[in-house]
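Here is the structure we will look at, set down as C-alpha cells.
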Ligand code: ATP
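This is the structure we're talking about:
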C-alpha cells in the first residue's frame with residue numbers, strides 16, 4: 003500500500019522567549035501558522051522490517067538522522083509494528099531556514115504511517131510521540147494556526163489569519179537554531195511580542211493589526227549573524243509589504259501582502275538578490291470547530 007502526505011512549512015507570527023528554564027531550554031510563547039509551501043512525503047509499506055529513506059535534496063540526511071526516519075522508527079517501536087516502510091521526501095521547503103521543514107516531515111510521516119499501518123491514533127497521541135523527536139513536531143502534527151508554549155509542545159488552536167499572500171525569502175546561508183538560542187539573553191530583550199494582542203487580532207480577523215503585531219525576539223540576534231536578514235526586510239517594505247518578520251530562528255524572512263499582483267512583483271524584484279523566493283497562500287484553518295481547544299502533547 004502507498005500513501006502521500008503533505009508537510010507544510012510554518013511561519014511564526016510571534017516568537018517570545020520568557021525565561022531560561024532549569025533544564026536549559028527556553029520557555030517559549032509562539033503564534034505559528036502554516037503556509038502552502040510543502041514537502042511531499044510518499045510512504046510505501048514494506049513486508050519486512052526495514053526503514054528505507056531517500057530525499058530529493060542533498061542538504062538533508064539520507065539515513066537514520068533524518069527526522070522522518072526517526073519518526074517512523076519511534077512509531078514502529080512504540081506500537082510494536084513489524085512491517086517496514088520506504089519513505090521518499092520531495093523537498094520543497096528550504097532547509098535550516100526557520101520554517102520547521104524537518105519537523106513537518108517528521109509530523110507528516112507520523113500522520114501518514116498512522117493511516118498506512120491502520121493504527122487509529124489521535125492527533126494528540128501522534129503529537130505526544132512527535133514531542134520526543136523535536137519541539138516543533140507537535141505543532142506540525144496539527145498544523146493550521148496555534149499558540150505554542152513550553153518548548154513548543156503545549157498548543158492552543160487559533161483561527162487562521164485572514165486570507166493573504168506570504169512572500170518568503172531565504173538568504174543563501176542557513177543558521178543553526180542552537181547558535182541563535184545560545185546568543186539569546188532573555189533579560190536584555192528590548193522589544194517583546196504582544197502575544198495576547200496577536201491572538202485577539204486573529205479572532206477579530208484584523209489583517210492590519212496582525213501585520214503591525216508581527217514580532218520575534220530572535221530576529222536581532224540572527225540579523226547580527228546574517229546581515230542579509232536586515233537587507234531583505236528593508237527591501238520587502240520597499241516593495242510594498244504590509245508587514246515583515248523573520249520566521250523562527252531564521253534566516254527566512256516573510257512578508258504579508260494582501261494583493262496577488264504586489265506579491266508577484268515582490269518575488270520578481272527579490273529574485274536577483276536572494277536565491278530562494280516564493281509567493282504562497284496562507285493555509286486555511288481546516289477544522290473551525292476545534293478553535294479554542296487546548297491540546298497538550
Ligand atoms: P526549525 O524552524 O524547527 O528550527 P529549521 O527550518 O530551522 O527548523 P530544518 O529545515 O528542520 O530547520 O533543518 C534543521 C536540521 O535538521 C538540518 O541541519 C537538517 O540537516 C536536519 N534534518 C533532518 N531531517 C530533515 C528533514 N527531513 N528535512 C530537513 N532537515 C532535516
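Residue numbers (the numbering used here): 3 to 299.
We put the beta carbon where it would ideally sit given N, CA and C, even for glycine.
Open item on the list: Check whether the region 17-25 and the region 47-64 are in contact - that is, three or more C-beta pairs closer than 8 angstroms.
Closed with: no
Open item on the list: Do residue 108 and residue 69 have their beta-carbon atoms positioned less than 8 angstroms apart in this structure?
Closed with: The residue given as residue 69 occupies position 67 in the chain shown. The residue given as residue 108 occupies position 106 in the chain shown. Cβ distance < 8 angstroms, so residue 69 and residue 108 count as in contact.
- [ ] Mind reading off the beta-carbon distance from residue 196 to residue 215? Whole number of angstroms is fine, and I expect it under 8 angstroms.
- [x] Taking the first residue of the chain shown as position 1, residue 196 is located at position 194. Taking the first residue of the chain shown as position 1, residue 215 is located at position 213. Right, the Cβ-Cβ distance comes to about 6 angstroms (below 8 angstroms), so this counts as a contact.
TODO: Under the assumption that residue 247 contacts residue 228 (Cβ atoms under 8 angstroms), give the Cβ distance between them as a whole number of angstroms.
DONE: Numbered from its first residue, the chain shown carries residue 247 at position 245. Numbered from its first residue, the chain shown carries residue 228 at position 226. Their Cβ separation, rounded to whole angstroms, is 15 angstroms, which puts residue 247 and residue 228 out of contact at 8 angstroms.
TODO: Specify whether the region 121-135 and the region 46-56 touch according to this definition: at least 3 beta carbon pairs, one from each stretch, less than 8 angstroms apart.
DONE: no
Task: Three-state secondary structure assigned by DSSP to residue 10 - done: Counting from one through the chain shown, the residue named residue 10 turns up at place 8. Residue 10 falls in the strand class under three-state DSSP.
Task: Cβ neighbour criterion (16 or more within 10 Å) applied to residue 218 - done: Position 216 of the chain shown, counted from the start, is the residue given in the question as residue 218. Answer is buried; the Cβ neighbour count reaches 16.
TODO: Indicate whether residue 105 and residue 182 have their beta-carbon atoms separated by less than 8 angstroms.
DONE: Here residue 105 refers to the residue found at position 103 of the chain shown. Here residue 182 refers to the residue found at position 180 of the chain shown. Their beta carbons are not under 8 angstroms apart, which means residue 105 does not touch residue 182 by this criterion.
TODO: Indicate whether at least one CB of chain D lies closer than 8 angstroms to the CB of residue 254.
DONE: In the structure shown, chain D cannot be found, because there is only a single protein chain.
Task: Run of the beta strand (DSSP E) containing residue 183, from where it starts to where it stops - done: On the chain shown, position 181 is the one that residue 183 refers to. Counting along the chain, residue 183 falls outside any beta strand (DSSP E), though it belongs to the alpha helix (DSSP H) covering 179-185.
Open item on the list: Under 7 angstroms: does the beta carbon of residue 68 sit that close to some heavy atom of the ligand ATP?
Closed with: Position 66 of the chain shown, counted from the start, is the residue given in the question as residue 68. Because some heavy atom of the ligand ATP lies under 7 angstroms away, the Cβ of residue 68 counts as near it: yes.
Task: Burial state of residue 50, where buried means 16 or more other Cβ atoms lie within 10 Å - done: Taking the first residue of the chain shown as 1, we reach residue 50 at position 48. Classification for residue 50: exposed.
Open item on the list: Here's a check: name, in chain order, each residue in its chain whose Cβ is nearer than 7 angstroms to the Cβ of residue 205, leaving out the five neighbours to either side.
Closed with: What you label residue 205 is simply residue 203 of the chain shown in a count that begins at 1. Hits under 7 angstroms: 161.
- [ ] Return helix, strand or coil for residue 190, following the three-state DSSP convention.
- [x] What you label residue 190 is simply residue 188 of the chain shown in a count that begins at 1. Looking at residue 190 - three-state DSSP - the assignment turns out to be helix.
Open item on the list: Need the endpoints of the alpha helix (DSSP H) that residue 198 sits in, please.
Closed with: Start at 1 with the first residue of the chain shown, and residue 198 comes out as number 196. Element bounds for residue 198: 197-206.
Open item on the list: Assuming residue 127 is part of the alpha helix (DSSP H), what are its boundary residues?
Closed with: Position 125 of the chain shown holds residue 127. Start and end: 125-132.
Open item on the list: Assuming the contact rule is C-beta atoms closer than 8 angstroms, residue 34 and residue 110 should be a hit. Round their C-beta distance to whole Å, please.
Closed with: For the purposes of this step, residue 34 is taken as the residue at position 32 of the chain shown. For the purposes of this step, residue 110 is taken as the residue at position 108 of the chain shown. Actually they do not touch by this definition, with Cβ atoms about 16 angstroms apart.
TODO: Please indicate yes or no: does the CB of residue 107 lie closer than 7 angstroms to some heavy atom of the ligand ATP?
DONE: Indexing the chain shown from 1 puts residue 107 at position 105. Indeed, a heavy atom of the ligand ATP lies less than 7 angstroms from the Cβ.
- [ ] Could you check which residue in 200, 141 and 164 has the C-alpha nearest to that of residue 16?
- [x] Against the chain shown, residue 16 aligns to sequence position 14. It is 200.
- [ ] Using three-state DSSP, classify residue 213 as helix, strand or coil.
- [x] If you number the chain shown from 1, residue 213 lands on position 211. In this structure, residue 213 counts as helix in the three-state DSSP scheme.
Task: Closer than 7 angstroms: residue 304 CB and nearest the ligand ATP heavy atom - done: With the chain represented from 3 up to 299, any question about residue 304 goes unanswered, as that position is not in the structure.
- [ ] Flag this pair as yes or no: are the beta carbons of residue 285 and residue 166 separated by less than 8 angstroms?
- [x] Numbered from 1 along the chain shown, position 283 holds the residue referred to as residue 285. Numbered from 1 along the chain shown, position 164 holds the residue referred to as residue 166. Result no, Cβ atoms of residue 285 and residue 166 do not sit closer than 8 angstroms.
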